[in-house]
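Chains as they are written, first to last, in this note's numbering: chain V, 1320 to 1329; chain W, 1155 to 1369. C-beta: ideal position from N, C-alpha, C; glycine also. What follows is a single structure, written as structure tokens, with notes after it.
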């Protein structure tokens, strides 16, 4: 599925 | 990366450095909730599962390792260090944090971002972080006097998520243009839980008085 939002955040 | 997110990450890092400094220099964890530290270890371990599978940047990997490492180190100091563990106010740290873990896990099963293991655990970590400070706030209310470093630690920890709220607003208008209900509402709840602490912290700072939370 889509990767969770703002995965590039800590 | 925007200035709000960078400021948020640096504030979060600073809060952990302040706490580690307090424990290492005073060899005491009086006034610190071990339960909140345990919850944060859980937050980082369930949120950074993609640490070795998804690469974003050196910064991202480094910060995740630092957050996991420092939170485990703080847990170890409070739980096992022969001198520090004697100073843990176990009787005051009475919040039933296992209820928080169970509640957030059930919530993540009911309202996950996506029905996969990593996404349910990521959602769990977002919900859990929103309430992770509760044992610490309860402990502060029971503590007679709150030392400066402990006050600064909690203030910085609350301020970082407030900066993340600004980061989400900025990203909404500049790049994502989508509503991110789960982190946004959780972040709002998390920041709101600090509201009265922020009020008394700023009051004590302005009046140069010792920080005291009403029981």
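Burial state of residue 1327 of chain W is exposed, judged by a 10 Å Cβ sphere holding fewer than 16 other Cβ atoms.
Here the stretch 1311-1321 of chain W does not lie against the stretch 1255-1274 of chain W, with fewer than 3 beta-carbon pairs under 8 Å apart.
If you draw a straight line from the Cα of residue 1325 of chain V to the Cα of residue 1322 of chain W, it is about 9 Å long. Between the stretch 1176-1191 of chain W and the stretch 1330-1342 of chain W, the count of Cβ pairs shorter than 8 Å is below three; the stretches do not touch.
When rounded, the separation of the alpha-carbon atoms in residue 1331 of chain W and residue 1239 of chain W is 48 Å. If the five residues before and after residue 1183 of chain W are omitted, its C-beta is found closer than 6 Å to the C-beta atoms of 1177, 1232, 1238, 1241 and 1242, all from its own chain and listed in chain order. DSSP, read as helix, strand or coil, puts residue 1258 of chain W in helix. As the crow flies, the alpha-carbon of residue 1300 of chain W is around 21 Å from that of residue 1285 of chain W.
Closest option to residue 1227 of chain W, judged by alpha-carbon separation, among W/1174, W/1210, W/1329 and W/1359: W/1174. Close to chain V, meaning a Cβ-Cβ distance shorter than 9 Å, are the following residues of the stretch 1209-1233 of chain W: 1210, 1211, 1214, 1217, 1218 and 1221. Leaving aside the five residues that flank residue 1215 of chain W on each side, the residues in its chain whose CB is nearer than 8 Å to its CB run, in chain order, 1205 and 1209. By the C-beta density criterion, residue 1356 of chain W is exposed, having fewer than 16 other C-beta atoms within 10 angstroms.
Residue 1315 of chain W does not reach chain V, its nearest Cβ partner there being about 11 Å away, counting only Cβ pairs nearer than 9 Å. Residue 1185 of chain W carries a coil assignment under DSSP once its states are collapsed to helix, strand and coil. By the neighbour-count definition (other C-beta atoms within 10 Å, threshold 16), residue 1267 of chain W is a buried residue.
The alpha-carbon of residue 1156 of chain W is positioned some 11 Å away from that of residue 1163 of chain W.
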